Every structure is written in structure tokens, then in C-alpha cells.
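Visitor: Residue numbers (full-length UniProt numbering): 1 to 385.
Every residue, glycine too, gets a C-beta built ideally from N, C-alpha and C.
Fair warning: this is a prediction, and the values are worked out from it, not measured in the lab.
Here you go:
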């Protein structure tokens, strides 16, 4: 029996063949539009996208998780970048230099070559120079790469290909760590990769930092998200006798939630049963009212508070008084009592037992997040009649 010869190896185009179907590449950038992406604490992408959607001239295009951070990809119209830079939920902000998909060619050299296009890079560098610092001839740079899996190639290989393509395009630049320019490459969803120049530094996520640190202090971006969920940042606030709406944190710790509340326009008051926490919070947030108090016995009149927002201790780093379930039931009952109907209670906790939630609190939404690799959740309750 005769054997049929197999088809020639090159009868099907290889990924690097220019005749191959390639590039589900992004279309040309419209005039006056800047492509950007933001990174946030894992789980906060829906809130970041919601905040971006409220800004005129901003269009959210995609989002995902790159294994370390949530990523939100969007476009910004001319004159609107400053409003994006003011978003308090964002850990890092980038101006995009390119995007591609793994399906276009799963080799690092191809991915880097497709994404680092001189004309787009020059446009991104103009944005970087406008927001960070003027460019000079011999800039230092480094590349940070993240991929969701390393079956096809290692992230270090992708990083090196970006270093090489940048070296060819910008021969006077030099690799350094730390560096003036950081190029981040992120596979934020299966096969979808975006690259950009970092516009922010550590001060962005720290919101200028705290004067006094305390173990277990909440990330400012998460505190800001919780305050926003209480309604301060964008929803009309009920005014009574000319006062600002009042936000209470009955377990205020180092005062991070209080600081974000003041920034968002609330009057802020904090309590803590730990005298050291009271001292730290009063030092960090002198504009807030901070005093010793027990979350189980709030010295506030019924309905006198517009929102309670708190990172509950849950007996892990800091102990609670008595049995945990009983403590939680009592604390939630007190929060429901002092918050006015129509107000909100926003909590950060790994879990909230339904049996501990009083009938006056109705779950509105929840956001599972990760902090330092640990799972927890932001719980948002409406105070009902």
C-alpha cells in the first residue's frame, strides 16, 4: 500500500510570517484621545470602572486581573486627564503604549514588537513628560512584566524582549533600578495584554501617608472605596441645620477612614476602645473628632449619624471584648440604631453572619477583595425604615 506524503511544513503560515492572519490590534487612536489603564486592589475594578464612567470624556473599555492587581483599561478625551489623576481608588495610573492578544503570536519577541510602536510611544512619552517630569536625552528605565501563566513563555522572557526593543528604539536610554521611567506590561485577562508608562508612584496609593503608623492599618485606597460606597463622593447629601453629613467610624484604628471621609466632604468622628488607637488617629487626622468609645455602646442619639463606615477588628490582629458573634450582633445593632433611615453602613470584614444583621439593615451590595493576599469583603447595607 502506498503512503501519502504529509503536506509540506510551510503549507500553513507560521505566526511570524507576515502573510499570516494577525493582529486583532486596537484601531488607530482618535485625535485628542489618550489611552490609559489603572491598577487597583484586587476586587476594586468594578468600583474604579464605576468612578471612571461618571467622568465626562472617559470611556471604560475593559478590565481584568493580572495576578497581582485589578486592571481597568479606558480612553480619556482631551482635557480630562487631570480628573482621572484625582481618582482616590486607584493604586497606579499608566498611559498606554500598546495592547495586543496572545492569539496574535505567542512569542515574547512578537508581542514586544507589536506593542512598542515608536509613534505611539512618542505620544505616550508626551503625556508622561507633561504629568511626571521633562524628558532628557539619556533617560533610565526598567520593565515590569506580569503574565497569567508561564506555559508558553516566562514573564522574564517577555520583560527582556521589551528591554531589547526599547534599547533599539531609544539607544541613549539605559536600564536601571530604580529608574526614571517604568514600563509595565500586564496580561490582565487570558490572552489580553496591555503595556504603558507609569505615571504614579507610591505616594498615590498612600494618599500622602500617615504621620503615625499602626499595625494592620487599612490601605487608603480601600478606605476611600468604602467612603465612596457610603455615598459621600457623588450622591446628594441630606443637610440638616447647615451641617455637613456625619460619618462615624466606631473602630477607627489609625484613622484612615476618617481621613478619606474628610477628603470626600463628610464631617468625620471616630471612636476606639484602644487608647493607643485614639492617640494615633488623633495625630493622623487632627481635623476629625476622635475619642475613646465602645462600639457596643455608642453615645449617639437614634438616627443622628448619616453613615457608619468601619474596618471591623474580628479578633485577628486586635481582640474584641467577649465572644465574636455576640460582639458583632451588638455592634451592628448599635450602628443600625444611630444611622438615620436612608443612610448606610459600610463594613470591611471577611464574613458577616446573617443572624448578626438587624432587620433595619438591608444588604445593598458586596465586593470581595484581597488585601496582602488575604480574602475579605466590603459589605454595604442600607438603613431602612
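If you measure between the beta carbons of residue 267 and residue 244, is that distance less than 8 Å?
Guide: Yes; because the gap between Cβ atoms is below 8 Å, this pair is in contact.
Visitor: Looking only at its chain, what residues have a beta carbon closer than 8 Å to the beta carbon of residue 293, apart from the 5 residues adjacent to it on each side?
Guide: These residues qualify, in order along the chain: 250, 271, 272, 273 and 299.
Visitor: Taking all protein chains shown into account, decide if residue 380 is buried (16 or more other Cβ within 10 angstroms of its Cβ) or exposed.
Guide: Flag for residue 380 reads buried.
Visitor: Rounded to the nearest angstrom, what separates residue 376 and residue 218 at their Cα positions?
Guide: Looking at the two C-alpha atoms, the distance is approximately 12 Å.
Visitor: Can you find the residues in the same chain that come closer than 6 Å, C-beta to C-beta, to residue 145, ignoring five residues on each side of it along the sequence?
Guide: Closer than 6 Å at the Cβ level, and outside the excluded window around residue 145, lie 155, 158, 159 and 185.
Visitor: How is the beta strand (DSSP E) around residue 388 delimited, first residue to last?
Guide: Given that the chain is displayed from residue 1 to residue 385, the structure contains no residue 388 and the question cannot be resolved.
Visitor: Taking the alpha-carbon positions, what's the residue 78 to residue 57 distance?
Guide: One C-alpha to the other measures close to 8 Å.
Visitor: Would residue 332 and residue 356 qualify as a contact pair, given that the criterion is a beta-carbon distance under 8 Å?
Guide: Contact flag set, yes.
Visitor: Please say whether residue 63 and residue 85 have beta carbons closer to each other than 8 Å?
Guide: Contact flag unset, no.
Visitor: Where are the beta strand (DSSP E) runs, 3 residues long or more, that stay fully inside the segment 264-328, in chain order?
Guide: You should have 267-272, 289-292 and 305-311.
Visitor: Where in the segment 95-162 do unbroken runs of the beta strand (DSSP E), each at least 3 residues long, occur, reported from the N-terminal end onward?
Guide: Here the runs fully enclosed are 140-146.
Visitor: Cutting at 7 Å between CB atoms, please list the residues of its own chain near residue 384, excluding the five before and the five after it.
Guide: Same-chain partners within the cutoff: 341, 360 and 362.
Visitor: Checking the sheet assignment: what are the DSSP bridge partners for residue 75?
Guide: Per DSSP, 35 and 59.
Visitor: Tell me whether the segment 102-117 and the segment 69-83 touch, counting them as touching only if at least three CB pairs, one residue from each stretch, are closer than 8 Å.
Guide: No, the segment 102-117 is not in contact with the segment 69-83.
Visitor: Check this for me: beta carbons of residue 37 and residue 194, under 8 Å apart or not?
Guide: Yes.
Visitor: Per the DSSP calculation, residue 339 is bridged to which residue(s)?
Guide: Note: residue 339 sits in a beta bridge opposite 305.
Visitor: My guess is that residue 353 and residue 364 are in contact by the Cβ rule of under 8 Å, so how many angstroms apart are they, rounded?
Guide: About 18 Å; that fails the 8 Å criterion.
Visitor: Could you name the residues of the same chain whose beta carbon sits closer than 7 Å to that of residue 49, not counting the 5 residues immediately before and after it, in chain order?
Guide: Result list for residue 49: 60, 63 and 72, in chain order.
Visitor: Would you give the residue range spanned by the beta strand (DSSP E) that residue 388 belongs to?
Guide: Coverage of the chain is limited to positions 1 through 385, which leaves residue 388 absent and any answer about it impossible.
Visitor: Hey, could you find the ends of the alpha helix (DSSP H) residue 221 is sitting in?
Guide: Segment 220-229, the alpha helix (DSSP H) holding residue 221.
Visitor: Is it the case that the Cβ atoms of residue 260 and residue 220 are separated by a distance below 8 Å?
Guide: For residue 260 and residue 220, yes; Cβs fall inside 8 Å.
Visitor: Pick from 81, 367, 101 and 339: whose alpha carbon is nearest that of residue 302?
Guide: Checking every option, the nearest Cα to that of residue 302 belongs to 339.
Visitor: Here's the rule I'm using: 16 or more other beta-carbon atoms within 10 Å means buried, otherwise exposed. How should residue 182 be labelled?
Guide: So residue 182 ends up on the buried side.
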